[in-house]
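Notes for the one structure printed next.
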């Protein structure tokens with residue numbers, strides 16, 4: 052059975068390209084650095100923010116009353132999910148979560164954990180991009196590029212550290228940008244998001260930089276990680292909801308966090324219900340430790356292989 056918004060041979064091939072773009076952030080690791088790739092599950096005390104999802108029809112005055120009584124302040128709302136992101140003013144986050152969970156109007160309360168960019172690389176030139184040859188995108192008897200190179204009607208949302216949209220490889224390709232972080236700019240300062248977007252959809256046959264796998268595709272630039280390569284789950288959730296609402300057929304998340312989260316799963320489910328295919332990195336821990344959102348249902352998790360078509364030593368698996 053076909054899902055709304057996910058039809059046609061061209062889109063199927065493009066989704067394969069997007070799987071490759073997540074995979075390649077690991078397996079082209081030339082001079083690579085990664086952010087916190089060996090993360091342990093985060094302790095709740097590592098954040099002073101919490102996420103509250105209210106039950107349907109909870110009155111606004113009841114929410115305000117809870118915030119006042121429990122000494123928390125509103126940072127922002129994620130309206131589509133009936134969620135508030137709160138900052139604690141006094142006490143511990145564990146204490147606040149226990150108190151909120153006692154209220155019958157609260158569906159769940161949890162820490163606002165952080166996610167991290169996974170697998171930063173610096174590669175260039177088609178001849179160096181052995182991954183494209185491994186997936187038969189180019190230079191094979193019947194290559195993927197003979198079937199499709201993407202289409203402007205296909206929207207790929209890259210949710211990452213932003214994109215350097217002034218780069219020649221992205222001229223006219225980024226059709227919409229939004230910043231969900233505390234960074235003053237939607238552009239990419241860290242470098243990871245530009246790399247990921249380039250692998251997936253950089254302009255090709257322009258004698259500059261790299262060749263994008265689905266180079267005729269339109270890009271939605273959602274900045275969900277800050278200028279240090281990390282970001283709150285709430286930023287990622289906002290980006291997923293935004294991308295789904297913008298009609299993204301594919302949402303790319305080359306990031307992950309070590310702690311499970313109800314709101315992150317809710318965001319993935321929302322995107323899935325809107326017809327988006329969510330693709331995320333499996334992780335770079337080199338073991339079976341889950342990374343999120345890649346571990347969730349309704350997400351295609353992508354592990355890494357090396358140039359010999361073997362599992363990369365650093366790749367999460369299972």
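Numbering (my numbering), first residue to last: 52 to 369. Glycine included, C-beta positions come from ideal geometry on N, C-alpha and C. Bear in mind that the values here come from a model prediction, so they are computed numbers and not experimental data.
Task: Assigned exposure category for residue 225 - 16 Cβ within 10 Å defines buried - done: buried
Task: the segment 335 to 343 contacting the segment 306 to 318, beta-carbon criterion three pairs below 8 angstroms - done: yes
- [ ] Pick helix, strand or coil for residue 284, following the three-state DSSP scheme.
- [x] helix
TODO: To the nearest angstrom, report how far apart residue 238 and residue 116 are at their CA atoms.
DONE: 38 angstroms
Task: Cβ distance (whole Å) where residue 244 is taken to contact residue 213 below 8 angstroms - done: 5 angstroms
Open item on the list: Whole angstroms are fine: how far does the CA of residue 114 sit from the CA of residue 126?
Closed with: 13 angstroms
Task: Simplified DSSP state of residue 321, which is helix, strand or coil - done: helix
Task: residue 273, buried or exposed, once every other Cβ within 10 Å from all chains shown has been counted against 16 - done: buried
Open item on the list: Could you compute how far the alpha carbon of residue 349 sits from the alpha carbon of residue 324?
Closed with: 10 angstroms
Open item on the list: What would DSSP say about residue 230, mapped onto helix, strand or coil?
Closed with: strand
Task: Nearest neighbour of residue 286, chosen from 248, 246, 297, 232 [CA to CA] - done: 232
TODO: Decide yes or no for the touch test of the segment 325 to 337 against the segment 292 to 301: beta carbon pairs closer than 8 angstroms, at least 3 of them.
DONE: yes
Open item on the list: If the criterion is Cβ atoms closer than 8 angstroms, does the pair residue 165 and residue 269 meet it?
Closed with: no
Task: Continuous alpha helix (DSSP H) stretch holding residue 148: start and end - done: 144 to 152
- [ ] Could you pull the start and end residues of the beta strand (DSSP E) that residue 106 belongs to?
- [x] No beta strand (DSSP E) holds residue 106; DSSP gives it neither H nor E.
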